[in-house]
Amino acid sequence: MVAIEDDLICSITHELPFNPVLAEDGRVYERAAIEKYFATKSSSMVKSPMTNKMIGKQLFPAVQAKNTIEASIENGYITGDLANNWSDKKREKKEMEETEKKAESGDVLSMEKLADAYLHGNRGFKKDDCLAFKWYDKARTTESTYGLGRVGFMLVYGQGVATDERRGLMYLYLAAEKEYDMAAYWLGMTLAGGECGLAVNNKEAIEWLEKSLSHNCLHISMTDEDKLEVKELLEEVRQRGC
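In our numbering, the protein residues as written are 23 to 264.
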């Protein structure tokens with residue numbers, strides 16, 4: 023017996039698509055997943071992920087499919103992990119819509135959250151470095167140390183904005199002084215490598231790297247993976263000597 027969801031599951035994500043599109047093979051896919059799949063293919067014709075036959079890259083919004091998925095979940099025709107994961111995405115979208123409204127109204131935490139979503143391309147938002155920079159910069163102007171550090175990094179590396187190493191380093195320094203751990207890490211890394219026109223300065227690099235690992239930092243956002251990278255770099259710089 024064919025279940026309702028069998029014709030609705032995206033063959034790439036193996037989930038019910040939250041933003042479904044219909045491809046030229048007549049199959050429904052999650053938009054972000056099929057667009058990513060197409061992006062890896064240079065030709066205008068590609069093999070269908072489902073049928074393995076050649077198709078074009080044109081996509082059409084599958085509104086009816088989304089309505090069917092939503093109604094089937096609400097009425098209990100689709101249950102289990104498939105339904106729960108789809109419902110989680112629906113709740114997250116609603117939450118982020120509220121976050122966007124709050125950000126537009128000047129709430130700094132919402133600005134930071136929205137910027138992160140654009141930077142990483144998650145929480146239902148398509149990755150957009152320019153919009154990420156815009157919201158980090160808005161947060162910076164409302165006294166966000168996190169926004170200040172992020173803007174500094176993006177200016178230094180020209181991510182979502184024209185490169186401006188001088189202003190970027192100034193912002194990183196200010197954010198590191200305000201005890202934002204990632205800013206201290208980025209500053210230490212820059213000094214250790216002699217990047218952005220700065221001379222290698224092992225002594226100062228060690229100071230900033232150690233500060234980034236301090237439990238006394240007021241603004242902490244480093245992951246365990248980040249901390250491991252800091253420790254490895256710190257050990258390398260210490261071995262060079264000051």
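C-beta atoms are modelled at their ideal positions from N, C-alpha and C, and glycine is treated no differently.
* First and last residue of the uninterrupted alpha helix (DSSP H) at MET176 -> Residue numbering aside, residue 176 sits at position 154 when the sequence shown is read from its first letter. From DSSP, the alpha helix (DSSP H) with MET176 extends over 167-179.
* **First through last residue of the alpha helix (DSSP H) which encompasses TYR193** => For the purposes of this step, residue 193 is taken as the residue at position 171 of the sequence shown. Where TYR193 is concerned, the enclosing alpha helix (DSSP H) stretches over 187-199.
* **Terminal residues of the beta strand (DSSP E) in which GLY78 lies** => Residue numbering aside, residue 78 sits at position 56 when the sequence shown is read from its first letter. Segment 76-78, the beta strand (DSSP E) holding GLY78.
* Does the pairing of the region 65-78 with the region 109-117 give three or more beta-carbon distances under 8 Å? -> no
* Cβ contact check for the region 121-136 and the region 96-108: 3 or more pairs under 8 Å -> Taking a cut-off of 8 Å on C-beta distances, the region 121-136 does not touch the region 96-108, as fewer than three cross pairs fall below it.
* Nonlocal neighbours in the same chain, by C-beta distance under 6 Å from VAL259, ignoring five residues either side -> The residue given as residue 259 occupies position 237 in the sequence shown. Contacts found: ALA214, ASN224, ALA227 and ILE228.
* Asked: Residues in its own chain within less than 7 Å of MET23 by CB, not counting five upstream and five downstream?
  -> Counting from one through the sequence shown, the residue named residue 23 turns up at place 1. Confidence is the limiting factor: at MET23 the pLDDT is only 45, short of 50, which leaves the residue's position unreliable and the question unanswerable from this model.
* Option in SER33, GLU27, GLU37 and MET204 with minimal Cα separation from ASP47 -> Taking the first residue of the sequence shown as 1, we reach residue 47 at position 25. It is SER33 whose Cα lies nearest to the Cα of ASP47.
* Other residues of its chain near THR164: CB distance less than 8 Å, five sequence neighbours each side excluded -> For the purposes of this step, residue 164 is taken as the residue at position 142 of the sequence shown. If we look at THR164 and ignore the five residues flanking it on each side, its Cβ neighbours are GLY128, VAL130 and MET133.
* Asked: Is LYS160 buried or exposed, if buried means 16 or more other CB atoms sit within 10 Å of its CB?
  -> On the sequence shown, position 138 is the one that residue 160 refers to. Looking at its Cβ environment, which holds 16 or more other Cβ atoms inside 10 Å, LYS160 is buried.
* Give the secondary structure of ALA183 by DSSP, where H, G and I count as helix, E and B as strand, and everything else as coil. => Position 161 of the sequence shown, counted from the first residue, corresponds to residue 183. Correcting the residue type first, residue 183 is Val in the shown sequence and not Ala. Note: VAL183 maps to coil in three-state DSSP.
* Asked: Which residues bound the beta strand (DSSP E) around LEU44?
  -> Residue numbering aside, residue 44 sits at position 22 when the sequence shown is read from its first letter. From DSSP, the beta strand (DSSP E) with LEU44 extends over 42-45.
* DSSP bridge partner residues for LYS69 (one or two, in chain order) -> Here residue 69 refers to the residue found at position 47 of the sequence shown. MET76.
* **Separation of THR35 from ALA55, as counted between CA atoms** => To locate residue 55, count along the sequence shown from 1; it is residue 33. To locate residue 35, count along the sequence shown from 1; it is residue 13. Using only the alpha carbons, I get a separation of about 7 Å.
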